[in-house]
Amino acid sequence: MNRRFSARRARYLERYGRGDRWRLQSPPSEPVDIAVVVPVYDEVDQLDETLAALESSIEVFAGRGHVVLVVNEHRESPEAAKASNRAALRVLGERWRAPWLGLVDAASEGLAFDGVDEGVGLARRIGADLLLPYCAPRTVLAHLDADTRVPREYLSRLVERLSAAEPRAAVLDFRHRVVDPRLGEAVRTYERFLKTTAARLAAIGSPYGYVALGSAMASNVAAYLDVRGVPVRAAGEDFYFLQKLAKSCGVVTLDELCVEPAARLSKRVPFGTGRRLEAAQNGVDPSQLFYDEPAFELFAAFRRLARGAFDHDGQELRRVIGRLNPMLPALLERQGLLRRWEKLRRSAAEPRRFAEQFDRWYDALKTLQFLRYVSLHHSESRR
Numbered sequence: 001m002n003r004r005f006s007a008r009r010a011r012y013l014e015r016y017g018r019g020d021r022w023r024l025q026s027p028p029s030e031p032v033d034i035a036v037v038v039p040v041y042d043e044v045d046q047l048d049e050t051l052a053a054l055e056s057s058i059e060v061f062a063g064r065g066h067v068v069l070v071v072n073e074h075r076e077s078p079e080a081a082k083a084s085n086r087a088a089l090r091v092l093g094e095r096w097r098a099p100w101l102g103l104v105d106a107a108s109e110g111l112a113f114d115g116v117d118e119g120v121g122l123a124r125r126i127g128a129d130l131l132l133p134y135c136a137p138r139t140v141l142a143h144l145d146a147d148t149r150v151p152r153e154y155l156s157r158l159v160e161r162l163s164a165a166e167p168r169a170a171v172l173d174f175r176h177r178v179v180d181p182r183l184g185e186a187v188r189t190y191e192r193f194l195k196t197t198a199a200r201l202a203a204i205g206s207p208y209g210y211v212a213l214g215s216a217m218a219s220n221v222a223a224y225l226d227v228r229g230v231p232v233r234a235a236g237e238d239f240y241f242l243q244k245l246a247k248s249c250g251v252v253t254l255d256e257l258c259v260e261p262a263a264r265l266s267k268r269v270p271f272g273t274g275r276r277l278e279a280a281q282n283g284v285d286p287s288q289l290f291y292d293e294p295a296f297e298l299f300a301a302f303r304r305l306a307r308g309a310f311d312h313d314g315q316e317l318r319r320v321i322g323r324l325n326p327m328l329p330a331l332l333e334r335q336g337l338l339r340r341w342e343k344l345r346r347s348a349a350e351p352r353r354f355a356e357q358f359d360r361w362y363d364a365l366k367t368l369q370f371l372r373y374v375s376l377h378h379s380e381s382r383r
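The sequence shown begins at 1 in our numbering and counts up one residue at a time.
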């Protein structure tokens with residue numbers, strides 16, 4: 001391992017590392033080719049099957065792999081979740097002792113999270129940061145959830161695809177396991193919404209044409225360091241982590257690898273699969289999530305116009321966007337594009353670089369805001 005990378009890794013850990021309060025039990029005995037981080041929260045009933053699937057993948061993997069479970073909770077977590085975590089720690093101690101499996105206890109007395117926005121994002125960050133000393137620049141760092149089953153070729157295929165120079169970050173295909181048959185239709189509709197949105201954005205050429213799912217993302221370690229790790233958030237850490245990777249090195253979709261998270265109701269986070277299913281159970285039609293076709297068409301036209309507007313000043317931009325669609329200037333004013341425009345132009349020396357800068361600034365969050373805004377206005381105009 002070269003000195004330059006070692007110094008860079010040490011610098012990251014000193015400035016941004018989040019593993020100092022916790023200890024990695026059963027760390028790797030040697031450098032690894034792939035490391036998998038699995039947060040565990042109130043999921044003792046899921047562990048055996050998930051670990052059995054990972055063990056099967058380890059058995060056919062010719063390289064060196066290590067899985068780290070981060071059993072985590074917040075001081076204010078419900079008592080039932082805390083009891084589940086105590087049981088998980090017992091199960092792991094009694095039934096799952098293996099050289100490929102490590103554990104971080106972020107749930108016992110004095111080790112639980114206490115910050116306002118600390119949750120699954122911090123759990124992923126702790127696990128990854130504690131594994132960094134055993135990693136090289138092209139070591140694959142994968143993220144999973146404790147309720148997610150993986151195929152036998154999971155480890156070997158990830159290393160095959162992500163340990164070369166390109167690509168440096170990826171999301172995998174996924175299909176939720178339907179635990180409650182009453183939610184089956186809602187689950188499949190929600191999956192179609194996620195995958196259709198990603199496919200339409202990819203077809204337009206957006207760098208954000210992927211599904212942000214925490215149990216289906218991976219990068220190499222160099223890319224992880226470039227974006228300063230997983231955001232420490234109680235929710236949405238997967239969305240913002242992948243957004244940072246998309247801006248830094250790009251994110252590809254590996255359709256040949258499919259993981260299977262459980263489709264379960266959840267109150268832990270304010271959005272995501274669990275909350276969508278809870279809404280469906282309460283009568284909300286999940287098909288209402290889909291963005292209207294005109295929203296994608298207008299976004300494609302807007303993106304082409306903006307990326308090619310290097311020579312336009314802010315006033316010219318407002319005029320041409322208003323001609324494209326009169327409702328857009330209000331959205332772009334709210335998003336800050338018109339205020340930011342001159343700075344974006346000054347930051348690029350020529351049109352190609354400007355187009356790249358625009359895509360980095362008009363990111364995944366702004367793109368989804370655009371689609372939602374246009375779809376809402378389009379729906380209202382049809383009433």
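A virtual CB, placed ideally from N, CA and C, is assigned to each residue, including glycine. Bear in mind the structure is a predicted one, so any value in this text is a computation, not a measurement.
6 Å CB neighbourhood of residue i in its chain, flanking five on each side removed
i	result
ARG8	none
LEU225	TYR12
ARG383	Bear in mind that the predicted position of ARG383 carries a pLDDT of just 49, short of 50, making it too unreliable to give a figure here.
LEU155	ILE34, SER57, PHE61, GLY65
VAL187	HIS176, VAL178, ALA263
LEU332	LEU338
Residue i in three-state terms, based on DSSP
i	result
GLU256	strand
ASN72	strand
ALA7	helix
ASN220	strand
PHE358	helix
ASP292	coil
PHE174	strand
VAL230	coil
ARG307	helix
LEU213	coil
PRO28	coil
ASP105	strand
Residue i versus residue j - alpha carbon distance
i	j	result
ARG86	SER108	8 Å
ASN282	ALA263	Reliability of the predicted coordinates at ASN282 is poor, the pLDDT of 48 falling under 50, and no value is obtained from them.
ARG360	LYS366	11 Å
GLU55	ASN220	22 Å
ASN325	GLN335	16 Å
SER375	ALA199	17 Å
PHE299	GLY209	13 Å
LEU163	PRO294	One point to set straight first is that residue 163 is Ser, not Leu, in the sequence displayed. Each residue's alpha carbon lies about 39 Å from the other.
ARG4	ASP33	19 Å
LEU338	GLY314	6 Å
PRO181	GLY205	37 Å
VAL252	PHE370	22 Å
GLY229	TYR134	16 Å
GLU73	VAL44	13 Å
GLN288	LEU344	35 Å
ASP117	LYS82	18 Å
THR139	MET217	14 Å
PRO329	ARG303	14 Å
GLY127	VAL320	48 Å
ALA280	LEU183	Here the model assigns ALA280 a pLDDT of 47, short of 50, so the residue's position is not dependable, and the following value carries that caveat. Rounded to the nearest angstrom, the two C-alpha atoms are 8 Å apart.
Rounded Cβ spacing between residue i and residue j (contact assumed at less than 8 Å)
i	j	result
ALA235	GLY119	7 Å
ALA169	LEU245	4 Å
PHE193	PHE290	5 Å
LEU130	LEU47	About 20 Å; that fails the 8 Å criterion.
VAL71	VAL91	That belief does not hold up - the Cβ atoms of VAL71 and VAL91 are roughly 10 Å apart, past 8 Å.
VAL67	GLY102	7 Å
LYS247	ASP363	7 Å
GLY121	ARG15	Wrong, their Cβ atoms sit about 18 Å apart, outside the cutoff.
Short Cβ contact (7 Å threshold) for residue i with residue j
i	j	result
VAL38	ALA146	yes
LEU51	TRP96	yes
ARG318	ALA355	no
PRO261	HIS143	no
ARG125	ARG18	yes
VAL150	ALA53	yes
PRO351	PHE296	no
LEU69	LEU172	no
7 Å Cβ shell around residue i - same chain, five flanking residues per side excluded
i	result
ALA301	LEU324
ALA212	ASP238, PHE239, LEU242
THR148	THR50, SER215, VAL259, GLU260, PRO261
Interface flag, residue i vs chain D, CB-CB below 7 Å
i	result
ALA136	Among the protein chains of the structure shown there is no chain D, as only one such chain exists.
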